[in-house]
Structures are given as C-alpha cells and as structure tokens.
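Trainee: Chains as they are written, first to last, in this note's numbering: chain X, 1 to 361; chain E, 362 to 722. Sharing a structure below in structure tokens format, with a few things to ask.
Protein chains: 2
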Amino acid sequence: MGKQKLTIRDIAKMARVSHMTVSRALNDDPRVREETRKRILELVNKLDYRPDARARIFSSKKSHLIGLVVSSISNPFYAELARGIEDKAHEQEYNVIFCSTENKSERTETYVHLMMDAGVDGFIFASSRLHEPVVEKLIDEHFPLVLVNRKLRGETCNYVVLNNVQGAYEITEHLINLGFEKIAIITGTSNLSTGIDRLKGYQLALRDYRMEFNENYVIQGPFTRETGYEGTKQLLTMKKRPEAIFGGNDYIAMGVIDAVEELGLHIPEDIALVGFDDNEFASNQRIRLTTVSQRKYEMGNMSVQILIDHIERKETDYTHRVILEPRLIIRESCGEKLWEKRKNKQPPGSEIEAFGSLDRM
Amino acid sequence: MGKQKLTIRDIAKMARVSHMTVSRALNDDPRVREETRKRILELVNKLDYRPDARARIFSSKKSHLIGLVVSSISNPFYAELARGIEDKAHEQEYNVIFCSTENKSERTETYVHLMMDAGVDGFIFASSRLHEPVVEKLIDEHFPLVLVNRKLRGETCNYVVLNNVQGAYEITEHLINLGFEKIAIITGTSNLSTGIDRLKGYQLALRDYRMEFNENYVIQGPFTRETGYEGTKQLLTMKKRPEAIFGGNDYIAMGVIDAVEELGLHIPEDIALVGFDDNEFASNQRIRLTTVSQRKYEMGNMSVQILIDHIERKETDYTHRVILEPRLIIRESCGEKLWEKRKNKQPPGSEIEAFGSLDRM
DNA sequence: CTGAAAGCGCTTACAG
DNA sequence: CTGAAAGCGCTTACAG
Chain X
1 MGKQKLTIRD IAKMARVSHM TVSRALNDDP RVREETRKRI LELVNKLDYR PDARARIFSS
61 KKSHLIGLVV SSISNPFYAE LARGIEDKAH EQEYNVIFCS TENKSERTET YVHLMMDAGV
121 DGFIFASSRL HEPVVEKLID EHFPLVLVNR KLRGETCNYV VLNNVQGAYE ITEHLINLGF
181 EKIAIITGTS NLSTGIDRLK GYQLALRDYR MEFNENYVIQ GPFTRETGYE GTKQLLTMKK
241 RPEAIFGGND YIAMGVIDAV EELGLHIPED IALVGFDDNE FASNQRIRLT TVSQRKYEMG
301 NMSVQILIDH IERKETDYTH RVILEPRLII RESCGEKLWE KRKNKQPPGS EIEAFGSLDR
361 M
Chain E
362 MGKQKLTIRD IAKMARVSHM TVSRALNDDP RVREETRKRI LELVNKLDYR PDARARIFSS
422 KKSHLIGLVV SSISNPFYAE LARGIEDKAH EQEYNVIFCS TENKSERTET YVHLMMDAGV
482 DGFIFASSRL HEPVVEKLID EHFPLVLVNR KLRGETCNYV VLNNVQGAYE ITEHLINLGF
542 EKIAIITGTS NLSTGIDRLK GYQLALRDYR MEFNENYVIQ GPFTRETGYE GTKQLLTMKK
602 RPEAIFGGND YIAMGVIDAV EELGLHIPED IALVGFDDNE FASNQRIRLT TVSQRKYEMG
662 NMSVQILIDH IERKETDYTH RVILEPRLII RESCGEKLWE KRKNKQPPGS EIEAFGSLDR
722 M
C-alpha cells in the first residue's frame with residue numbers, strides 16, 4: 001500500500017508505448033491496434049491501475065456530476081423522484097450530488113454554489129419558488145438545468161411537470177360526483193407553482209359544476225403534515241363544517257387523519273378525505289387514501305435524460321417541456337364503498353380547455 | 362455570455378499582482394496584505410470571477426465529495442439518515458453523492474467505481490452485507506469510510522450503529538410484560554447485521570423470561586412491506602396462531618397491517634404489533650405503532666463527522682465505533698390502553714451483559 | 001507579505 | 001495506428 005500511485009506514464013513505459021496510446025486504450029478509442037490495446041489492458045488489470053479521476057475531470061472539462069436540489073429528501077415524493085434520477089443517471093455513468101433545502105430559502109443559493117464548487121455539469125431543481133434569483137441567473141447563463149414539478153414565472157427553460165391543474169380538477173370532480181357539497185382544501189403556499197395549480201384545479205371543478213366557492217374552505221401553508229393537522233382542527237370547528245377535505249399532498253392528508261382521529265371522528269364516515277401524490281402509506285390497508293398518482297420515478301428518469309442531452313449537445317437555449325398526465329387512484333377514504341355510487345354528473349358547461357391553463361401561466 | 366472564461370491570471374494582471382497572490386486572497390491565506398486582498402476581492406466581485414472548481418479539485422487533490430451508498434433511498438429510514446449526512450456535510454463544505462443499491466448486490470461494486478471516478482474523498486455505507494468484497498478492499502487500502510448501521514464480519518473500520526440487540530430485546534420484553542406468550546417475529550435476512558441482531562435480541566428476551574422459542578414463529582426475508590404481508594398471511598393461517606408480531610422494521614410492520622386488515626382482523630384487538638425504526642407513518646393517529654426509535658438524523662451527523670476527521674487527518678487505521686442506544690416508543694398497537702397494565706415482570710435470571718454481544722460478533 | 005517555478009495526470013489537437 | 005507537444009487552471013513548496 002505504500003507504493004507510489006501509478007500514472008498513465010508508468011503503464012506506458014511498461015507497455016513500451018506512449019502515454020497517449022494508453023489513454024486511448026482506456027477510453028475505448030478505436031484508433032489503437034487490437035493487439036496493443038490487449039497488452040495495455042492486461043497490464044492495467046495486473047497492476048490494478050485506475051486513472052486519476054480528478055485529473056480526468058479537469059482535462060476533459062466534464063465531471064459527469066449532476067446537482068439535484070430538492071426541498072425535503074425525507075418527503076417520499078422527493079425520495080422516489082431522486083431514485084428515478086439516480087437510476088437513469090447511473091445508467092449513463094453520471095453521478096448525482098444532492099441537497100435538501102428543507103424549504104429554507106437561503107439554502108438554495110449556498111447549495112448551488114457548493115455544487116458549482118464540486119464542478120457539476122448541470123442541475124435538476126425539484127424545489128424552486130416562483131421567484132428564485134440564483135436559478136434565474138443560471139438560466140440566463142444558459143447553464144444546463146431542468147426544473148421538475150415547478151415552474152418559474154416567466155422563464156423559459158427545460159421542465160418536467162405534472163399537470164397539477166388537471167389532477168386537482170379530477171379529484172375534486174370525484175368528490176362532487178360522490179355527492180359532497182361542502183368541500184374544503186388544505187394545500188401548499190402560493191409561492192409554489194404546485195400549490196397554485198392544485199388550488200386552481202379545485203376552483204375550476206367547483207366552477208364547472210356550478211358549486212359555491214367558499215373562501216373559508218381554503219387553507220394554505222407549507223406542504224407538511226402539520227399544515228394538515230392544524231388546518232383540519234380549524235375546519236372542524238367551523239359552524240358550517242365541510243364534508244370532505246382535499247389535502248394538497250399526502251403529507252397534508254396524513255395530518256388531516258391525525259386531527260380527525262384525535263377528535264374521535266372517522267374517515268370516511270364522518271368526513272371524506274383525498275390526497276395528492278400516492279405516497280407509499282396511502283395504499284396501506286388501514287389508510288386507503290384516494291389520491292392522485294404522480295409518476296415520480298418516471299419524472300426523475302425524464303428529467304435526467306433531458307439534462308444530459310442538454311449537457312452533451314451543449315445547446316444553449318434548449319427549451320424542453322414535458323407535461324405528464326395525472327392518474328386518479330380511487331381507494332376508500334371518501335367512502336366509495338360505503339355509499340351507493342350516484343351516477344356521474346356531467347359538468348354543466350364542461351370546458352376541456354380548462355387544462356390548457358398550465359400554458360397560460 | 363460569449364466572453365472568455367476568466368482565470369486567476371486575468372485577475373492577477375488587472376490587480377497588478379502575481380496569480381499566486383490572487384490564489385492566496387481567494388483562499389483566505391493570511392499571508393496577504395489587507396489592502397492587496399481588498400483590491401483583489403473587489404475585482405473578483407466586480408467581474409464575477411469564480412475559480413474553476415475542477416482545476417481546484419485537481420490541484421488540491423481534494424474533491425470535498427463524500428459518496429453515500431444506501432440500500433433504498435425511498436425507505437424513510439435512509440432518507441432521514443441521508444438528511445442528517447447531507448446537513449452535516451454541507452456545514453463543513455462537503456458535498457454528498459448518493460446512490461441506492463436497491464438491494465441488488467452487483468450494484469454496490471458498480472456504484473463504488475462510479476463514485477471513485479467522481480473523485481470522492483471518502484464513503485459512507487449504510488447498506489452493506491456481512492460480506493462485501495468491494496468494501497473490504499477499500500478497508501484494506503485504508504480508504505476513508507464509515508459503515509452506518511451495518512457491521513462487516515471481522516473488519517475493523519469506523520462504524521456508527523444502533524444497539525439493535527438491545528432495541529429488539531426491549532421491545533420483545535414490552536410484549537412479554539403486556540402478557541403475550543405467543544410472539545412471532547418477521548425480520549430481515551441473515552446476511553445483514555441488523556437482521557441478525559434484532560433476531561438475537563428477540564431470542565435473548567425470550568430466553569431471559571424462560572419463554573418457549575418456536576422456530577415456526579420466525580420468518581425472514583428482505584426488509585420490505587411484502588415480507589411483512591406474506592409473513593403475516595403465513596402466520597395467521599397456523600393452527601397455533603401467534604398473539605403478537607414483531608416486525609423487524611416499520612416497513613415490515615406496514616405489511617403486517619395490510620395483511621391483518623385484509624383478513625378483516627384488527628390491531629391490537631386481534632393481534633398485537635410492534636415495529637422498529639419509528640418512521641413518520643408510525644406516529645399517524647390511525648396507526649399508532651409501538652416501535653423502537655433510531656436516531657437516524659444523528660447517526661447521519663456522526664458518521665459524516667467521523668469520516669471528515671478521517672479524510673482530513675489522513676489517519677490510516679483509524680477505528681472509531683459509536684454505538685447508539687435505542688429508545689422504545691410506546692403507542693397503542695399492542696393495546697397498551699385496552700388492557701390494564703400487568704405489573705412488569707423481571708426476567709428470572711436477568712443478565713445485563715447480554716447487550717455486550719454486539720462486540721462479540 | 002509577494003513571486004517565479006514546477007507540476008498535478010490527464011486530454012485535446014495536430015502531425016506523421 | 002502511434003506519438004510529441006502543449007496546456008487545462010489551479011496549488012504546493014521554495015525563495016526572497
């Protein structure tokens with residue numbers, strides 16, 4: 001172990017070729033005679049030589065490193081997204097550096113700089129407010145990046161996003177079809193595009209079905225379990241208590257369950273509940289949460305692919321947008337099996353272009 | 362944006378100093394006159410110069426990159442651990458590259474190589490079988506690394522681990538004290554130290570309380586929800602059905618719940634359940650799982666600290682071991698509130714050294 | 001406190 | 001198919 005680290009020149013000397021030939025053999029460059037390559041690779045194997053990664057990165061100007069910025073790695077949504085990103089990246093021999101901003105705005109800037117110092121070739125932001133100066137600066141400089149499940153106001157850049165408006169619309173419609181009339185929503189804050197879009201979908205559904213929109217039934221806060229918990233406590237003490245709650249994500253829905261159970265009430269008998277995300281716990285037989293599935297793993301895959309294409313082709317103003325369709329997952333948290341299904345109503349003035357609003361933002 | 366990338370020499374020229382002085386100013390080297398430093402930094406700011414990260418890494422031989430290998434990032438246990446690691450690492454200006462082996466053994470080797478190619482300064486393995494050749498090789502080469510919540514047979518290296526034997530012992534004891542006599546365990550496979558240790562704690566508790574050990578009550582498999590589900594189906598069809606099930610982690614416990622509910626039975630009325638990990642969903646008011654808390658975030662923090670100490674001090678055979686104490690979290694999945702508490706039995710021949718077995722492995 | 005030299009270990013680009 | 005040259009943009013180590 002005390003031996004000096006081998007370099008490409010040592011191998012070259014022993015193989016009686018120039019170090020360039022060794023470099024080519026190592027990089028699968030076809031311009032090396034088969035026999036020479038074999039001799040070199042045998043030597044490399046025998047001596048267990050591994051090229052110095054840092055020198056390689058420095059010379060080639062490519063780190064094969066992707067920076068991933070999420071808002072909370074302990075949120076299963078991001079964990080699953082990260083898995084999709086990581087799998088696809090490794091498939092193409094890229095590594096993923098990650099950081100979790102924990103919704104603290106100062107962190108984004110610090111982390112972006114830290115990652116730049118690590119020499120990342122590009123970024124994936126799965127956590128970004130509507131206005132985020134560091135990110136906007138990167139976009140201006142045409143630094144390769146893709147936004148996942150977030151939109152930045154007015155910026156044109158790569159993004160992969162779920163049609164949140166539609167997902168929220170469909171799940172609200174599901175509640176309406178089940179006969180609920182007093183439907184509340186507890187969702188994320190208004191500086192996140194997902195929060196805005198889900199609220200918009202909810203409102204569009206109410207409007208299309210000519211239902212009253214009650215401002216007191218809208219509660220906003222961070223996308224956390226606490227928001228769901230506190231929001232529910234608030235909603236359930238109202239004189240005109242809602243019959244159903246739409247949790248803006250499954251975390252919020254989890255908090256709703258906490259509050260409802262604590263009050264000695266039951267889902268779905270006393271109050272119906274729907275979520276958004278389809279986290280693992282939503283399918284638990286004790287929970288059976290009706291929710292909207294986001295294809296997180298695929299979103300991760302796609303965003304990496306777009307990013308790598310951008311990095312390797314070096315296109316400077318490549319704007320790729322992928323909008324995934326949501327999928328409604330019907331379980332029993334709205335009492336779907338308790339009550340006889342009413343026949344599906346059609347929205348009086350159904351306008352399918354409502355979903356196009358994503359592009360109008 | 363088309364402008365040539367600035368180098369340290371450009372700044373030097375403009376500041377009328379050598380590029381070395383610029384380098385020093387940038388690295389907070391005290392050997393620069395205050396006035397000179399100020400002039401340089403102003404220029405750097407004005408021109409928005411950022412040193413080339415890759416050149417820096419190459420010259421300094423340090424990437425400030427830590428490789429994290431977990432078995433499944435979508436498992437909240439690892440996600441939370443990762444958060445602890447990432448926070449601590451960023452605090453010290455290190456970045457974390459991660460990968461998730463998804464319990465596929467070939468992946469570990471591939472990923473270790475990929476990460477070496479990224480130039481990592483050290484590794485944290487939170488996923489490692491008892492016998493893992495690549496990892497053993499790194500240990501032999503004294504490459505900085507720490508093992509989290511895993512032990513490798515016979516290897517001396519840094520590790521941070523929970524006293525799994527004790528945690529399993531205590532939770533089994535809890536069930537015994539509640540009066541259960543037929544206690545089954547569904548836990549992880551025997552090539553993982555956590556699986557072995559939890560089974561051992563269970564056995565020690567039964568032994569100390571002079572209870573019968575029934576091999577049919579032991580089910581092993583991967584640490585997944587499916588294992589819990591299938592295992593429970595199997596246990597509940599036995600003629601001598603267990604009264605309580607110890608799920609080796611909360612994921613397994615989640616699968617137990619799935620199966621029990623599906624069969625129309627109830628927890629805790631028909632069968633008691635305990636888990637291990639204290640994942641977020643365990644505390645949900647609808648679940649209320651009695652479990653063992655692992656201080657995942659702290660484990661992450663500590664492992665990074667040990668690793669960075671190792672990297673920066675360059676000690677070659679630094680063996681640091683941290684054994685964290687588990688904490689029993691009593692909720693209601695064993696019917697703690699349903700039945701009057703029986704007075705705590707004492708194990709007939711209580712031997713506290715039983716916990717020492719961790720070191721004897 | 002400042003600088004001139006040397007070099008880290010590769011790759012890119014050019015020549016043969 | 002192979003090689004000699006040059007250089008990537010910093011830092012380390014030595015000199016003053």
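All residues carry an ideal CB built from backbone N, CA and C; glycine is no exception. Because the structure is a prediction, the values reported are computed rather than measured.
Please name the residue, chosen from Gly625(E), Ser644(E), Glu686(E) and Met660(E), that lies closest to Phe486(E) on a Cα-to-Cα basis.
Mentor: For the residues Gly625(E), Ser644(E), Glu686(E) and Met660(E), the minimum Cα distance to Phe486(E) belongs to Met660(E).
Trainee: Rounded to whole angstroms, what's the CA-CA distance from Ile672(E) to Lys62(X)? Just pull it up for me.
Mentor: Whole-angstrom Cα-Cα distance: 25 Å.
Trainee: Between the C-alpha atoms of Gly445(E) and Asn662(E), what's the straight-line distance to the nearest angstrom?
Mentor: Computed Cα separation, rounded: 5 Å.
Trainee: From this set, Ser303(X), Phe281(X) and Ile323(X), which residue's C-alpha is nearest Arg331(X)'s C-alpha?
Mentor: Selected option, being the one with the closest Cα: Phe281(X).
Trainee: To which residues does DSSP link Ala272(X) through a beta bridge?
Mentor: Looking at the DSSP assignment, Ala272(X) forms a beta bridge with Ala244(X).
Trainee: Should Thr382(E) be labelled buried (16 or more other beta-carbon atoms within 10 Å of its own) or exposed?
Mentor: So Thr382(E) counts as buried.
Trainee: If Leu175(X) sits next to Ala272(X), beta carbons under 8 Å apart, how far is it from one beta carbon to the other, in whole angstroms?
Mentor: Going by Cβ atoms, the distance from Leu175(X) to Ala272(X) rounds to 7 Å, so yes, they are a contact pair.
Trainee: Distance cutoff 8 Å, beta carbons only. Does Tyr410(E) sit that close to anything in chain X?
Mentor: By this cut-off, Tyr410(E) is not an interface position.
Trainee: Whose Cβ in chain X lies nearer than 7 Å to the Cβ of Gln646(E)?
Mentor: Ordered by position in chain X, the residues that pass the 7 Å Cβ test against Gln646(E) are Ile257, Asp258, Glu261 and Glu262.
Trainee: What's the gap between the Cα of Glu102(X) and the Cα of Leu204(X)?
Mentor: Approximately 31 Å, taken between the alpha carbons.
Trainee: Starting from the Cα of Lys698(E), find the closest Cα among Asp670(E), Asn510(E) and Leu539(E) and give me that residue.
Mentor: With distances taken between Cα atoms, Lys698(E) lies closest to Leu539(E).
Trainee: Do you know offhand how far Thr555(E)'s Cα is from Val292(X)'s?
Mentor: If I take the Cα positions, the gap works out to 35 Å.
Trainee: In whole angstroms, what is the alpha-carbon distance linking His425(E) and Ala414(E)?
Mentor: So the two alpha carbons sit approximately 11 Å from each other.
Trainee: Using DSSP's beta-bridge definition, name the partner residues of Gly122(X).
Mentor: Answer is Ile66(X), bridged to Gly122(X).
Trainee: Once you ignore the five residues that flank Leu263(X) on each side, which residues in its own chain have a CB closer than 7 Å to its CB?
Mentor: Taken in chain order, the residues that qualify are Leu236.
Trainee: Please classify Ser100(X) as buried or exposed, where buried requires at least 16 neighbouring CB atoms within 10 angstroms.
Mentor: Result: buried.
Trainee: Inspect the CB distances between the stretch 159 to 172 of chain X and the stretch 185 to 199 of chain X and report whether three or more fall short of 8 Å.
Mentor: In short, these stretches touch, since the Cβ pair count reaches three.
Trainee: List the whole-angstrom C-beta distance separating Val112(X) from Val134(X), where the pair is believed to meet the contact cut-off of C-beta under 8 Å.
Mentor: Rounded, the Cβ-Cβ distance is 5 Å, consistent with contact.
Trainee: So Ala365(X) contacts chain E; which residues on that side make the cut at Cβ distance below 8 Å?
Mentor: Residue 365(X) cannot be examined here, being either before or after the span of chain X that is shown, 1 to 361.
Trainee: Below 8 Å on the Cβ atoms is my contact criterion, and I expect Pro629(E) with Cys695(E) to pass it. Report the Cβ-Cβ distance as a whole number of Å.
Mentor: Correct: roughly 5 Å between the Cβ atoms.
Trainee: Whole angstroms are fine: how far does the CA of Ile669(E) sit from the CA of Tyr94(X)?
Mentor: Going from the Cα of Tyr94(X) to the Cα of Ile669(E) covers about 24 Å.
Trainee: Could you tell me the distance, in whole angstroms, from the CA atom of Ile500(E) to the CA atom of Glu493(E)?
Mentor: Approximately 11 Å between the Cα atoms of the pair.
Trainee: Could you compute how far the alpha carbon of Ile306(X) sits from the alpha carbon of Lys594(E)?
Mentor: Looking at the two C-alpha atoms, the distance is approximately 44 Å.
Trainee: How far does the alpha helix (DSSP H) with Tyr202(X) in it extend, from its first residue to its last?
Mentor: Tyr202(X) -> alpha helix (DSSP H) spans Ser193 to Asp208.
Trainee: Determine the burial state of Asn158(X): buried for a count of at least 16 other Cβ atoms within 10 Å of its Cβ, exposed for fewer.
Mentor: By the 10 Å Cβ count, Asn158(X) comes out buried.
Trainee: Run the CB neighbour count on Ser466(E), radius 10 Å, all protein chains shown included, and call it buried at 16 or more, exposed below.
Mentor: Result: exposed.
Trainee: Output the distance between the C-alpha atoms of Asp10(X) and Val405(E), rounded to the nearest integer angstrom.
Mentor: If I take the Cα positions, the gap works out to 40 Å.
Trainee: So which residues on chain E does Val96(X) lean against when the C-beta distance must stay under 7 Å?
Mentor: What Val96(X) touches in chain E: Ile458 and Phe459.
Trainee: Would you list, in sequence order, the uninterrupted beta strand (DSSP E) runs of no fewer than 3 residues that lie entirely inside the stretch 472 to 526 of chain E?
Mentor: Entirely contained in the stretch 472 to 526 of chain E, the beta strand (DSSP E) runs reaching 3 residues are, in chain order, 483 to 486, 506 to 509 and 519 to 523.
Trainee: Specify, as a first and last residue, the run of the alpha helix (DSSP H) that Ile257(X) falls within.
Mentor: Element bounds for Ile257(X): Asp250 to Glu262.
Trainee: With DSSP as the reference, identify every bridge partner of Gln581(E), one or two as the case may be.
Mentor: Beta-bridge pairing links Gln581(E) to Thr548(E).
Trainee: DSSP on Phe58(X), reduced to helix/strand/coil?
Mentor: DSSP places Phe58(X) in helix when its eight states are reduced to three.
Trainee: Who are Arg682(E)'s beta bridge partners in DSSP?
Mentor: DSSP, once it has assigned bridges, lists Tyr520(E) as partnering Arg682(E).
Trainee: Please report the residue range of the alpha helix (DSSP H) in which Thr232(X) lies.
Mentor: Where Thr232(X) is concerned, the enclosing alpha helix (DSSP H) stretches over Arg225 to Leu236.
Trainee: Quickly, what does DSSP pair Phe381(X) with across the bridge? List them, please.
Mentor: No information on residue 381(X) is available, as it lies outside the stretch 1 to 361 that chain X covers here.
Trainee: When DSSP labels each residue in this structure, what does Leu328(X) get in the three-state scheme?
Mentor: Strand.
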